[in-house]
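Peer 1:
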Amino acid sequence: MSRYFLIRIGQSLLAIWGIVTIVFVVTRMLGDPAVLLLPLGTPDSQIQELRSSLGLERPMVVQYLDFLGHAVVGDFGLSYQSFRPAMEVVLERMPATAILTASSLALGAVLGAATGFAAALARGRFLEFVVMCFALAGQATPVFWLGILLVLFFAVELGWFPTGGWDGPASLVLPTMALGIFVAANITRLFRSSMIETLSEDYIRTARAKGLMPRTIFMVHAARNALIPVVTMLALLAAELLGGSAVTETVFSWPGVGRLLVQAIDSKDFPVIQAGVFLIATIFVCINFLVDLLYTLLDPRIRLGR
Amino acid sequence: MAEPLFRIRNLKIRIQNGGETGYPVNDISYDLCENETLGIVGESGSGKSMHVLAMLGLLPRGLAVESGEIVFAGRDLLKMNAQELRNVRGKEIGIVFQDPMTSLNPVLTVGRQISEVLVRHKRLDWRSARARARELLELVGIPDAERRMRAFPFQFSGGMRQRVMIATALACEPRLLIADEATTALDVTIQAQVIDLIRSLKERFGMSVLWITHDIGVVAGFAETVQVMYAGQIMERGPVRSVFYNPASAYTWSLLKSLPRPDQVAGEPLYQIPGQPPNPFRLAKGDPFAERNPFATPRCFEERPALRPVGDVQGHEVAAWYDLKTRIRETGGAE
Numbered sequence: 001m002s003r004y005f006l007i008r009i010g011q012s013l014l015a016i017w018g019i020v021t022i023v024f025v026v027t028r029m030l031g032d033p034a035v036l037l038l039p040l041g042t043p044d045s046q047i048q049e050l051r052s053s054l055g056l057e058r059p060m061v062v063q064y065l066d067f068l069g070h071a072v073v074g075d076f077g078l079s080y081q082s083f084r085p086a087m088e089v090v091l092e093r094m095p096a097t098a099i100l101t102a103s104s105l106a107l108g109a110v111l112g113a114a115t116g117f118a119a120a121l122a123r124g125r126f127l128e129f130v131v132m133c134f135a136l137a138g139q140a141t142p143v144f145w146l147g148i149l150l151v152l153f154f155a156v157e158l159g160w161f162p163t164g165g166w167d168g169p170a171s172l173v174l175p176t177m178a179l180g181i182f183v184a185a186n187i188t189r190l191f192r193s194s195m196i197e198t199l200s201e202d203y204i205r206t207a208r209a210k211g212l213m214p215r216t217i218f219m220v221h222a223a224r225n226a227l228i229p230v231v232t233m234l235a236l237l238a239a240e241l242l243g244g245s246a247v248t249e250t251v252f253s254w255p256g257v258g259r260l261l262v263q264a265i266d267s268k269d270f271p272v273i274q275a276g277v278f279l280i281a282t283i284f285v286c287i288n289f290l291v292d293l294l295y296t297l298l299d300p301r302i303r304l305g306r
Numbered sequence: 001m002a003e004p005l006f007r008i009r010n011l012k013i014r015i016q017n018g019g020e021t022g023y024p025v026n027d028i029s030y031d032l033c034e035n036e037t038l039g040i041v042g043e044s045g046s047g048k049s050m051h052v053l054a055m056l057g058l059l060p061r062g063l064a065v066e067s068g069e070i071v072f073a074g075r076d077l078l079k080m081n082a083q084e085l086r087n088v089r090g091k092e093i094g095i096v097f098q099d100p101m102t103s104l105n106p107v108l109t110v111g112r113q114i115s116e117v118l119v120r121h122k123r124l125d126w127r128s129a130r131a132r133a134r135e136l137l138e139l140v141g142i143p144d145a146e147r148r149m150r151a152f153p154f155q156f157s158g159g160m161r162q163r164v165m166i167a168t169a170l171a172c173e174p175r176l177l178i179a180d181e182a183t184t185a186l187d188v189t190i191q192a193q194v195i196d197l198i199r200s201l202k203e204r205f206g207m208s209v210l211w212i213t214h215d216i217g218v219v220a221g222f223a224e225t226v227q228v229m230y231a232g233q234i235m236e237r238g239p240v241r242s243v244f245y246n247p248a249s250a251y252t253w254s255l256l257k258s259l260p261r262p263d264q265v266a267g268e269p270l271y272q273i274p275g276q277p278p279n280p281f282r283l284a285k286g287d288p289f290a291e292r293n294p295f296a297t298p299r300c301f302e303e304r305p306a307l308r309p310v311g312d313v314q315g316h317e318v319a320a321w322y323d324l325k326t327r328i329r330e331t332g333g334a335e
């Protein structure tokens, strides 16, 4: 067991290193930040000067090793824009993203579990068809488009909620709906198919042969088994959302990590891009790791080792 | 003759597959007495398991009872509503299924899976249900019952899991225990232990047992009555000794002949029944076994035989137009 976890940790570190390296290379291909930072018409000598003060004139390998050396201790340099530590700039955007993630996951999980359960129970009936149509539509609809529609209707037409930005809890409603519906659609489809599969298991026949009430059979015997893949799915969605859903955050001008990264890429703010991607990769890898642990809690076959 | 515990009359089960209709159970009638052990033998597709699932209202999708009645302790199970049937299942009729690996819920403890039957039917609280469940585990021969209550099914061996299934089926002291291929998935030695266990529990609880198997040898040492089924019909039934020593159906005869015998010469091939197992969608109009039967007479292909008494043995009946002994003499045996 502990050997397995050591291997997992090793794999995780390798993955983070890989991602950080790729981002380093890709950002260098974006173009020259020095040109962008200075006003148009600045003489070449001054651009050259800024470039060397940012350390961009050194060979790639040297820059890379320097970057890695500092990154291990969490130092990604100063933002080219605000001249504050890049990691600090990213971290202060984290709470907004975390709140949005939590609220949309909660909405998605509750809604998705309820509709998925209903669809599985209503198998072959009209209700299942209706629920599945909605779920498919929810999954196929781009979140940003749904977001724009929500803003148009609830913010512009009705004026119930702000169009964007962070201005008290009311601002949370629309982005939560947009992301929550997407999460719910995924959960509905997965939970339904997982329930249907579980309901055809031999042990469900045993439960029925024991004369148990349908309530007990669905809630205890089937749902418990059917929830295992759903939990994994939720955790992976959480990782995705925590990384900042760049497009959704942009639509709602949400002050989160995703929107920050989009802005940083626009202005070629290398340190912020690198710090942001490092953070997202780390969160993703950690949550994956947690999913493994969670599995062992849910499934006694894994917990107690077979 | 004791009072019958249940009575099946003209039971017909229909399967719908696309546009085709088949009959996996095709008009069967029989009685089971109080305290009787009945062994039902047949190959896959003979309808032996199917009619039991119908009895409990557990037929899979696509299958339905077309006609007939199953009267259990005075009430027709087929006329009951879902709730009435649930009150019979697990309480008055206990069932043990074939595969103990998949028949127990993997994420619930064994203790919970036994106790919940008691909570459901005996209205016990969880505490007393657990205490009773522990006694049941001891009764079915699981050592260290207290600790094993908290274990999960995967922590048990196949034989032990089947004991758990038996404990569950017996929790409410049912009047009828159905064992549907209950020992098929087990090693031979474990098989013998489980059979012994059920035999001794039957004595103790005084219940009837319906033992369904494709292994005619298992029935021999255990049941009082044996019933041989083929293509959804009863081919022969009667007291075990009479049927085994004096088979009157060519199908029973073939099954017995294909068993390995201790006096068999090494390397000598086992008898093999020619032809294919029956297809419920293409039922013959005559005797369903006729086309695989070396002793079939022209009439066998034309008309379906009804059960008729064999000799003067009480209860021994066969569905056949021919007299097996005469036919064997006439044709000089099979092959």
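Here the protein sequences come in this chain order: A and B.
Numbering-wise, the first sequence is residues 1 to 306 according to full-length UniProt numbering.
Numbering-wise, the second sequence is residues 1 to 335 according to full-length UniProt numbering.
Think of the CB as a built atom: it goes at the ideal place given N, C-alpha and C, for glycine as much as any other residue.
1) Using a Cβ-Cβ distance cut-off of 9 Å, determine whether B:P106 contacts chain A.
2) Which residues in the same chain as B:A306 place their Cβ atom closer than 8 Å to its Cβ, once the five residues preceding and following it in sequence are excluded?
3) Are the CB atoms of B:S242 and B:V313 within a distance shorter than 9 Å?
4) Under the DSSP definition of a beta bridge, which residues are partnered with B:N17?
5) Taking just the CA atoms, how far does A:A135 sit from A:N186?
6) Closer than 6 Å by C-beta to A:L298: which residues in its own chain qualify, once you throw out the five before and the five after it? Chain order, please.
7) Nearest to B:E84 by CA position, among A:L212, A:L236 and A:T188, is which residue?
8) In chain order, what residues of the same chain have a beta carbon less than 7 Å from the beta carbon of A:Q81, not counting five sequence neighbours either side?
9) If you measure between the beta carbons of B:T252 and B:E36, is that distance less than 9 Å?
10) Leaving out five residues before and five after B:M1 in sequence, what residues of the same chain have Cβ atoms less than 6 Å from its Cβ?
11) Does DSSP put B:V228 in a helix, a strand or coil?
12) Would you say B:V165 lies against chain A (beta-carbon separation less than 9 Å)?
13) Tell me the residue span of the alpha helix (DSSP H) that contains B:D287.
14) Kindly indicate which three-state DSSP category B:S249 falls into: helix, strand or coil?
15) For my contact list, A:A235 and A:V291 are in at a C-beta cut-off of 8 Å; report their separation, rounded to the angstrom.
16) B:G238 bridges to which residues according to DSSP?
17) Tell me B:L210's beta-bridge partners as DSSP assigns them.
18) Please list the partners that A:L212 has in chain B, where partner means a Cβ-to-Cβ separation under 7 Å.
19) Buried or exposed: where does A:S104 fall if 16 or more other Cβ atoms within 10 Å of its Cβ makes it buried?
20) Return the residues of the segment 4 to 33 of chain A that lie within a Cβ-Cβ distance of less than 8 Å from chain B, sorted by chain order.
21) Mapping the DSSP letters down to three states, classify B:R327 as helix, strand or coil.
22) Drop a sphere of 10 angstroms on the beta-carbon of B:F152, count the other beta-carbons inside from all chains shown, and report buried for 16 or more, exposed for fewer.
23) Indicate whether B:Q98 and B:A182 have their beta-carbon atoms separated by less than 9 Å.
24) With contact counted as at least three CB pairs below 8 Å, one residue from each stretch, are the segment 275 to 290 of chain A and the segment 170 to 177 of chain A in contact?
25) Out of curiosity, what's the CA-to-CA distance linking A:G77 and A:F252?
26) With a threshold of 6 Å on Cβ separation, who are the neighbours of B:I216 within its own chain once the five nearest residues in sequence on each side are excluded?
27) Starting from B:G68, trace the beta strand (DSSP E) both ways and give me its first and last residue.
28) Quickly, what does DSSP pair B:F6 with across the bridge? List them, please.
29) If we define contact as Cβ-Cβ less than 9 Å, is B:L201 a contact residue for chain A?
30) Does any residue of chain B bring its CB to less than 9 Å from the CB of A:D299?
31) Only counting runs of 3 or more residues, tell me where the beta strand (DSSP E) segments fall wholly within the segment 89 to 163 of chain B, in order along the chain.
32) For residue 347 of chain B, count neighbouring C-beta atoms within 10 Å of its own C-beta (all shown protein chains included) and say buried if the count is 16 or more, exposed if not.
33) Can you list, in chain order, the residues of its chain with a C-beta nearer than 7 Å to that of B:K48? Leave out the 5 residues immediately preceding and following it.
34) Among the candidates A:D32, A:V257 and A:G180, whose CA atom is the shortest distance from the CA of A:M94?
35) Is there at least one Cβ from chain A nearer than 9 Å to B:V209's Cβ?
36) Just to make sure I have the definition right: I need the residues of chain A whose C-beta is within less than 9 Å of the C-beta of B:N87. Which are they?
Peer 2: On the basis of the coordinates in this document:
1) Judged by the 9 Å Cβ criterion, B:P106 is in contact with chain A.
2) Cβ within range, chain order: A319.
3) Yes. Within cutoff.
4) Answer is B:E20, bridged to B:N17.
5) When the Cα atoms are used, A:N186 and A:A135 turn out to be separated by approximately 7 Å.
6) Within the same chain, and ignoring the five residues on either side of A:L298 in sequence, the residues whose Cβ sits closer than 6 Å to its Cβ are I228.
7) The candidate whose alpha carbon is nearest that of B:E84 is A:L212.
8) Hits under 7 Å: S267 and D269.
9) Contact flag unset, no.
10) In this predicted model, B:M1 has a pLDDT of only 49, less than 50, meaning its place in the structure is not dependable enough to derive any value.
11) Annotated three-state conformation of B:V228 is strand, per DSSP.
12) According to the sequence as given, residue 165 of chain B is Met; it is not Val. With a threshold of 9 Å between beta carbons, B:M165 makes contact with chain A.
13) In this chain, B:D287 is not harboured by any alpha helix (DSSP H), its DSSP state being neither H nor E.
14) Coil.
15) Confirmed, Cβ separation roughly 4 Å.
16) Bridge partners of B:G238: B:V226.
17) Answer by DSSP bridge pairing, in chain order: B:L38 and B:I178.
18) Going along chain B in sequence order, the residues near A:L212 (Cβ under 7 Å) are E116 and R120.
19) A:S104 counts as buried, since no fewer than 16 other beta carbons sit within 10 angstroms of its beta carbon.
20) The residues in question: there are none.
21) B:R327: helix per DSSP, three-state reduction.
22) Counting Cβ neighbours within 10 Å, B:F152 comes out buried, since at least 16 surround it.
23) Taking the C-beta atoms as reference points, B:A182 is found nearer than 9 Å to B:Q98.
24) The segment 275 to 290 of chain A vs the segment 170 to 177 of chain A: no contact.
25) Roughly 29 Å separates the two Cα atoms.
26) The residues are V41 and L255.
27) From DSSP, the beta strand (DSSP E) with B:G68 extends over L63 to F72.
28) Answer is B:L32 and B:F72, bridged to B:F6.
29) False, the Cβ-Cβ gap to chain A never drops below 9 Å.
30) Yes, A:D299 lies at the interface with chain B (some Cβ there is under 9 Å from its Cβ).
31) Counting whole runs of 3 or more residues, the segment 89 to 163 of chain B contains the beta strand (DSSP E) stretches 93 to 96.
32) In the structure as shown, chain B starts at 1 and stops at 335, and residue 347 of chain B therefore has no counterpart that could be examined.
33) Here the set comprises I40, G42, I212 and M229.
34) For A:M94, the nearest C-alpha among the options comes from A:V257.
35) No Cβ of chain A is located within less than 9 Å of the beta carbon of B:V209.
36) Going along chain A in sequence order, the residues near B:N87 (Cβ under 9 Å) are G211.
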